[in-house]
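Read through the structure below, which is laid out as C-alpha coordinates, and then see the notes.
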Amino acid sequence: MDTTLIKGLHVLETLVSGRDAMALAEVATAAGLIKSNAHRALKTLIHCGYARQDSDGRYRATLKTWKLGSRISEQMDIRGIARPHLRKLSERTGETVHLSVLENGEVTYLEKIDSPHPVAAYSRLGGGGPAHCSATGKALLAFANNETRQRIAASLRRFTARTIVEPARLERELQTIRRNGFATTRGEWHEAVSGIAAPILAQEHLAVAAVGVSGLSARVTPAKLREFAPHVVDAAQAIAGDLG
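For the sequence shown, my numbering assigns the number 32 to the initial residue and increments by one for each residue that follows.
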(Lines of atoms letter the chains of each structure in order from A and count residues from 1; the text may use other names and numbers.)
(Lines give C-alpha, C1' and ligand atoms only; values in the text may rest on other atoms or scores of the structure.)
Protein backbone atom coordinates (compact mmCIF):
# COMPACT_ATOMS: atom_id res chain seq x y z
CA MET A 1 0.00 0.00 0.00
CA ASP A 2 1.39 3.43 -0.99
CA THR A 3 1.47 5.31 2.33
CA THR A 4 2.70 8.51 0.65
CA LEU A 5 -0.39 8.59 -1.55
CA ILE A 6 -2.63 7.88 1.45
CA LYS A 7 -1.08 10.78 3.38
CA GLY A 8 -1.55 13.08 0.40
CA LEU A 9 -5.20 12.10 0.08
CA HIS A 10 -5.76 12.70 3.79
CA VAL A 11 -4.32 16.20 3.41
CA LEU A 12 -6.44 16.92 0.34
CA GLU A 13 -9.59 15.73 2.13
CA THR A 14 -8.68 17.99 5.05
CA LEU A 15 -8.34 21.06 2.81
CA VAL A 16 -11.59 20.34 0.99
CA SER A 17 -13.48 19.83 4.25
CA GLY A 18 -12.33 23.16 5.69
CA ARG A 19 -14.39 26.30 5.05
CA ASP A 20 -11.32 28.55 5.38
CA ALA A 21 -7.62 28.39 4.61
CA MET A 22 -5.64 26.38 7.17
CA ALA A 23 -2.23 26.73 8.80
CA LEU A 24 0.26 23.88 8.46
CA ALA A 25 -0.25 22.81 12.07
CA GLU A 26 -4.03 22.73 11.57
CA VAL A 27 -3.69 20.60 8.45
CA ALA A 28 -1.32 18.18 10.17
CA THR A 29 -3.58 17.79 13.21
CA ALA A 30 -6.76 17.33 11.17
CA ALA A 31 -5.08 14.82 8.83
CA GLY A 32 -3.46 12.89 11.70
CA LEU A 33 0.08 13.50 10.42
CA ILE A 34 3.29 14.98 11.74
CA LYS A 35 4.03 18.44 10.35
CA SER A 36 6.90 17.33 8.10
CA ASN A 37 4.72 14.72 6.36
CA ALA A 38 1.85 17.18 5.99
CA HIS A 39 4.23 19.77 4.55
CA ARG A 40 5.59 17.34 1.95
CA ALA A 41 2.06 16.38 0.93
CA LEU A 42 1.07 20.05 0.62
CA LYS A 43 4.08 20.80 -1.59
CA THR A 44 3.06 17.95 -3.91
CA LEU A 45 -0.57 19.11 -4.03
CA ILE A 46 0.55 22.67 -4.83
CA HIS A 47 2.84 21.39 -7.58
CA CYS A 48 -0.07 19.45 -9.12
CA GLY A 49 -2.47 22.39 -8.85
CA TYR A 50 -4.79 20.93 -6.21
CA ALA A 51 -3.77 23.29 -3.41
CA ARG A 52 -2.29 26.75 -3.02
CA GLN A 53 -0.55 28.74 -0.30
CA ASP A 54 -1.89 32.22 0.46
CA SER A 55 0.32 35.22 1.22
CA ASP A 56 -0.21 34.65 4.95
CA GLY A 57 1.21 31.12 4.67
CA ARG A 58 -2.11 29.32 5.03
CA TYR A 59 -3.24 26.58 2.65
CA ARG A 60 -6.47 25.93 0.76
CA ALA A 61 -7.78 23.61 -1.96
CA THR A 62 -8.11 25.06 -5.46
CA LEU A 63 -10.95 24.97 -7.96
CA LYS A 64 -9.16 22.12 -9.75
CA THR A 65 -10.38 19.88 -6.93
CA TRP A 66 -13.93 21.20 -7.34
CA LYS A 67 -13.77 20.51 -11.09
CA LEU A 68 -12.92 16.87 -10.40
CA GLY A 69 -15.91 16.63 -8.11
CA SER A 70 -18.10 18.20 -10.78
CA ARG A 71 -17.01 15.57 -13.29
CA ILE A 72 -17.80 12.81 -10.82
CA SER A 73 -21.26 14.33 -10.31
CA GLU A 74 -21.82 14.23 -14.06
CA GLN A 75 -20.70 10.61 -14.23
CA MET A 76 -23.17 9.70 -11.51
CA ASP A 77 -25.97 11.17 -13.67
CA ILE A 78 -27.28 13.55 -11.06
CA ARG A 79 -30.06 14.44 -13.47
CA GLY A 80 -31.41 10.91 -13.50
CA ILE A 81 -31.12 10.60 -9.74
CA ALA A 82 -32.85 13.93 -9.16
CA ARG A 83 -35.65 13.61 -11.72
CA PRO A 84 -38.22 11.70 -9.60
CA HIS A 85 -37.71 14.13 -6.73
CA LEU A 86 -38.10 17.09 -9.08
CA ARG A 87 -41.37 15.66 -10.41
CA LYS A 88 -42.68 15.23 -6.89
CA LEU A 89 -41.70 18.80 -6.04
CA SER A 90 -43.40 20.06 -9.20
CA GLU A 91 -46.61 18.26 -8.24
CA ARG A 92 -46.50 19.72 -4.73
CA THR A 93 -45.88 23.32 -5.81
CA GLY A 94 -47.38 23.64 -9.29
CA GLU A 95 -44.50 25.87 -10.38
CA THR A 96 -41.35 25.50 -12.50
CA VAL A 97 -38.67 23.37 -10.84
CA HIS A 98 -34.93 23.53 -11.60
CA LEU A 99 -31.85 21.47 -10.83
CA SER A 100 -28.88 23.83 -11.05
CA VAL A 101 -25.10 23.84 -10.69
CA LEU A 102 -22.56 26.64 -10.41
CA GLU A 103 -20.24 27.01 -13.41
CA ASN A 104 -17.81 29.89 -13.98
CA GLY A 105 -19.65 32.10 -11.53
CA GLU A 106 -23.09 31.53 -13.04
CA VAL A 107 -25.97 29.13 -12.57
CA THR A 108 -26.57 26.44 -15.20
CA TYR A 109 -29.85 24.51 -15.39
CA LEU A 110 -29.16 20.77 -15.65
CA GLU A 111 -32.80 19.74 -15.47
CA LYS A 112 -36.19 21.45 -15.30
CA ILE A 113 -39.86 20.65 -15.08
CA ASP A 114 -42.14 23.34 -16.44
CA SER A 115 -45.08 24.75 -14.56
CA PRO A 116 -48.51 23.64 -15.83
CA HIS A 117 -49.69 27.26 -15.68
CA PRO A 118 -50.19 28.90 -19.10
CA VAL A 119 -48.13 31.89 -17.93
CA ALA A 120 -44.96 30.99 -16.04
CA ALA A 121 -41.36 32.08 -15.45
CA TYR A 122 -39.32 31.38 -18.60
CA SER A 123 -36.08 29.39 -18.58
CA ARG A 124 -34.34 26.91 -20.85
CA LEU A 125 -32.47 23.70 -20.15
CA GLY A 126 -28.74 24.34 -20.35
CA GLY A 127 -29.31 28.04 -19.84
CA GLY A 128 -28.86 29.86 -16.60
CA GLY A 129 -28.19 33.19 -15.02
CA PRO A 130 -26.35 35.15 -12.37
CA ALA A 131 -25.60 33.43 -9.09
CA HIS A 132 -26.00 36.41 -6.76
CA CYS A 133 -29.65 37.17 -7.55
CA SER A 134 -31.30 33.84 -8.42
CA ALA A 135 -32.65 31.43 -5.80
CA THR A 136 -30.60 28.40 -6.85
CA GLY A 137 -27.56 30.64 -7.35
CA LYS A 138 -27.73 32.03 -3.83
CA ALA A 139 -28.27 28.54 -2.40
CA LEU A 140 -25.16 27.35 -4.23
CA LEU A 141 -23.11 30.41 -3.24
CA ALA A 142 -24.02 30.09 0.43
CA PHE A 143 -22.49 26.62 0.48
CA ALA A 144 -19.56 27.29 -1.85
CA ASN A 145 -15.97 27.76 -0.71
CA ASN A 146 -14.69 31.20 0.28
CA GLU A 147 -12.67 31.61 -2.90
CA THR A 148 -15.75 31.17 -5.09
CA ARG A 149 -17.85 33.54 -2.97
CA GLN A 150 -15.19 36.24 -2.98
CA ARG A 151 -14.64 35.98 -6.73
CA ILE A 152 -18.34 36.37 -7.48
CA ALA A 153 -18.83 39.12 -4.88
CA ALA A 154 -16.11 41.18 -6.58
CA SER A 155 -18.39 41.81 -9.58
CA LEU A 156 -22.09 42.09 -8.72
CA ARG A 157 -24.23 43.32 -11.59
CA ARG A 158 -27.55 45.06 -10.93
CA PHE A 159 -30.61 43.70 -12.77
CA THR A 160 -33.47 45.28 -10.80
CA ALA A 161 -33.90 47.70 -7.92
CA ARG A 162 -33.88 44.69 -5.59
CA THR A 163 -30.62 43.13 -6.80
CA ILE A 164 -28.00 42.88 -4.08
CA VAL A 165 -24.85 44.57 -5.39
CA GLU A 166 -22.97 45.25 -2.14
CA PRO A 167 -20.54 42.42 -1.21
CA ALA A 168 -21.05 42.87 2.55
CA ARG A 169 -24.82 42.74 2.18
CA LEU A 170 -24.56 39.65 -0.02
CA GLU A 171 -22.41 37.90 2.58
CA ARG A 172 -24.99 38.67 5.27
CA GLU A 173 -27.66 37.22 3.00
CA LEU A 174 -25.58 34.07 2.48
CA GLN A 175 -25.12 33.69 6.24
CA THR A 176 -28.91 33.79 6.64
CA ILE A 177 -29.27 31.16 3.92
CA ARG A 178 -26.79 28.90 5.71
CA ARG A 179 -28.78 29.24 8.93
CA ASN A 180 -32.15 28.61 7.26
CA GLY A 181 -31.03 25.93 4.82
CA PHE A 182 -32.73 27.61 1.85
CA ALA A 183 -32.59 30.79 -0.26
CA THR A 184 -35.38 33.02 -1.54
CA THR A 185 -35.61 35.77 -4.15
CA ARG A 186 -38.33 38.27 -4.96
CA GLY A 187 -37.72 40.35 -8.05
CA GLU A 188 -33.92 40.35 -7.71
CA TRP A 189 -33.15 39.09 -11.22
CA HIS A 190 -36.50 39.49 -13.00
CA GLU A 191 -38.87 41.93 -11.37
CA ALA A 192 -41.97 39.76 -11.74
CA VAL A 193 -40.40 36.45 -10.66
CA SER A 194 -39.92 34.95 -7.19
CA GLY A 195 -38.23 31.73 -6.17
CA ILE A 196 -36.92 29.49 -3.43
CA ALA A 197 -34.08 26.95 -3.52
CA ALA A 198 -32.12 24.58 -1.28
CA PRO A 199 -28.59 23.18 -1.73
CA ILE A 200 -27.77 19.54 -2.40
CA LEU A 201 -24.87 19.09 -0.02
CA ALA A 202 -21.88 16.77 -0.12
CA GLN A 203 -20.47 15.30 3.08
CA GLU A 204 -18.16 18.29 3.58
CA HIS A 205 -21.18 20.64 3.51
CA LEU A 206 -20.36 22.12 0.12
CA ALA A 207 -23.12 22.31 -2.48
CA VAL A 208 -22.81 20.07 -5.55
CA ALA A 209 -26.11 21.36 -6.98
CA ALA A 210 -29.33 23.07 -5.90
CA VAL A 211 -33.05 22.49 -6.31
CA GLY A 212 -35.30 25.48 -6.89
CA VAL A 213 -38.91 26.47 -7.50
CA SER A 214 -39.73 29.70 -9.35
CA GLY A 215 -42.82 31.40 -10.65
CA LEU A 216 -44.56 34.70 -11.20
CA SER A 217 -44.58 36.81 -8.05
CA ALA A 218 -48.32 37.31 -8.41
CA ARG A 219 -48.70 33.59 -7.59
CA VAL A 220 -45.51 32.91 -5.66
CA THR A 221 -46.18 35.26 -2.77
CA PRO A 222 -44.16 35.40 0.48
CA ALA A 223 -46.77 33.10 2.02
CA LYS A 224 -46.29 30.62 -0.84
CA LEU A 225 -42.52 30.73 -0.40
CA ARG A 226 -42.95 29.78 3.25
CA GLU A 227 -45.31 26.98 2.21
CA PHE A 228 -42.83 25.69 -0.40
CA ALA A 229 -39.77 25.83 1.89
CA PRO A 230 -40.08 22.42 3.61
CA HIS A 231 -40.87 20.70 0.30
CA VAL A 232 -37.82 22.22 -1.41
CA VAL A 233 -35.53 21.31 1.49
CA ASP A 234 -36.94 17.76 1.57
CA ALA A 235 -36.28 17.35 -2.17
CA ALA A 236 -32.69 18.57 -1.86
CA GLN A 237 -31.99 16.28 1.08
CA ALA A 238 -33.57 13.30 -0.67
CA ILE A 239 -31.39 13.83 -3.75
CA ALA A 240 -28.29 14.20 -1.55
CA GLY A 241 -29.20 10.94 0.16
CA ASP A 242 -29.57 9.12 -3.16
CA LEU A 243 -26.22 10.50 -4.34
CA GLY A 244 -24.63 9.02 -1.23
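Just so you know, even glycine gets a beta-carbon here, dropped at the ideal spot from N, CA and C.
- Take S248, set aside five residues on each side of it, and the residues of its chain with a beta-carbon closer than 7 Å to its own are R217, G218, A223, V224 and S225, in chain order.
- Of all C-beta pairs linking the segment 188 to 200 to the segment 121 to 139, fewer than three are shorter than 8 Å, placing the two stretches out of contact.
- Residues of the same chain with a CB within less than 6 Å of the CB of G159, apart from the 5 flanking positions on each side, are E137, V138, T139 and Y140 in chain order.
- Contact check for A214 against I183 fails: the beta carbons are separated by 8 Å or more.
- As computed with DSSP, P161 is found in a beta bridge with E137.
- CA-to-CA, the gap between S131 and Q206 works out to about 20 Å.
- For R188, the three-state secondary structure derived from DSSP is coil.
- D145 and N177 have their C-alpha atoms spaced approximately 33 Å apart.
- Just measuring C-alpha positions, the residue of D87, K38, V58 and H78 sitting nearest K95 is H78.
- Looking only at Y81, V244 and I37, the smallest Cα-Cα distance to L64 is reached by I37.
- With contacts defined by Cβ atoms closer than 8 Å, R83 and R91 form a contacting pair.
- Counted as a single uninterrupted DSSP element, the stretch harbouring S225 is not any alpha helix (DSSP H) but the beta strand (DSSP E) occupying residues V224 to L232.
- For I195, the three-state secondary structure derived from DSSP is coil.
- In the DSSP assignment, T60 falls within the unbroken alpha helix (DSSP H) covering L55 to A62.
- Per DSSP, the beta-bridge partners of E142 are L130.
- Per DSSP, T216 is one residue of the beta strand (DSSP E) stretching across A214 to R217.
- Here the alpha carbons of W220 and L117 stand approximately 23 Å from one another.
- Checking the DSSP bridge columns, you'll see G275 has no partner listed.
- The beta carbons of R89 and A54 sit about 5 Å from each other, so the pair counts as a contact at 8 Å.
- For L36, the enclosing alpha helix (DSSP H) has its first and last residue at T34 to S48.
- For R83, the pairing in a beta bridge is given by DSSP as R91.
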